[in-house]
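To start, the structure under review is shown below, and the notes come after it.
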Amino acid sequence: MKKATLILGCLILLFVSSAIAEEENIYSGKVHNQKMTGVERSFKGELICLGCNLKESGARADCKTHGHNIRLKTQNGVFLTILPNQYSDKLLADNSFLHKPIEITGYHFAKANTLDLLSYTIAEKTMSWCVACQKMDDCAQK
Ligand SMILES: [Zn+2]
Numbered sequence: 005m006k007k008a009t010l011i012l013g014c015l016i017l018l019f020v021s022s023a024i025a026e027e028e029n030i031y032s033g034k035v036h037n038q039k040m041t042g043v044e045r046s047f048k049g050e051l052i053c054l055g056c057n058l059k060e061s062g063a064r065a066d067c068k069t070h071g072h073n074i075r076l077k078t079q080n081g082v083f084l085t086i087l088p089n090q091y092s093d094k095l096l097a098d099n100s101f102l103h104k105p106i107e108i109t110g111y112h113f114a115k116a117n118t119l120d121l122l123s124y125t126i127a128e129k130t131m132s133w134c135v136a137c138q139k140m141d142d143c144a145q146k
């Protein structure tokens with residue numbers, strides 16, 4: 005009986021600690037899990053369409069058929085993929101963000117040259133994930 009209680013106690017402790025380990029910060033959407041190997045970094049640049057941009061260099065891009073492929077072009081000319089997810093949906097879908105100075109912070113996966121979005125600042129307004137509102141907004145700034 006004592007052994008069963010001890011095992012049950014361990015299972016509860018494991019469940020609680022894993023729930024805590026994947027806790028999401030209410031304003032930043034930051035995750036705290038053991039799997040995260042991305043490094044939090046910020047990049048300045050502008051959002052561009054990779055296809056339209058490469059077309060200027062002769063690439064056979066066809067955005068009319070395949071859609072625009074939005075990337076962050078950093079200040080030193082590197083194209084960075086922004087991981088499509090609930091955090092980046094609006095940023096990747098809203099064409100009004102294109103070709104404007106922007107600073108993007110996220111978990112950077114260097115080998116994939118990909119950023120899992122945490123926040124972005126455009127026109128002096130910073131947007132980050134709000135768990136209460138379930139969207140990217142400026143609640144953290146208020
Ligand atoms: Zn395009």
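The sequence shown maps to residues 5 to 146 in my numbering. We put the CB at the ideal spot given by N, CA and C, even for glycine.
Can you give the Cα-Cα distance for Asp-98 and Val-82, rounded to whole angstroms?
21 Å
Name all residues in chain order for which at least one heavy atom of ligand 1 lies closer than 6 Å to the residue's CB.
That query returns the following residues: Cys-53, Gly-55, Cys-56, Cys-67 and His-72.
Proximal residues to Pro-88 (C-beta, below 7 Å), its chain only, five neighbours per side dropped
Leu-96
Does at least one heavy atom of ligand 2 sit under 8 Å from the Cβ of Cys-67?
Among the ligands modelled here, namely ligand 1, ligand 2 does not occur.
Between Ala-23 and the rest of its own chain, which residues show a CB-CB distance below 8 Å, the 5 nearest in sequence each way excluded?
A caution first: Ala-23 carries a pLDDT of 49, below 50, which makes its placement in the model too unreliable to give a value.
Mind checking who Arg-64 pairs with in its DSSP beta bridge?
Note: Arg-64 sits in no beta bridge, so no partner.
Please determine, among Ala-136, Tyr-111, Leu-54 and Cys-67, the residue with the shortest C-alpha to C-alpha distance to Lys-39.
Tyr-111
For Lys-1, which option in Cys-56, Lys-77 and Ile-126 has the closest C-alpha, if you only look at C-alpha atoms?
The question about residue 1 has no answer here: the residues shown for the chain are numbered 5 through 146.
Three-state secondary structure assigned by DSSP to Ser-132:
Three-state DSSP puts Ser-132 in a strand.
Kindly list the residues whose CB is nearer than 8 Å to the CB of Ala-116, restricted to its own chain and excluding five residues on each side of it in sequence; keep chain order.
Only Thr-85 meet the Cβ criterion.
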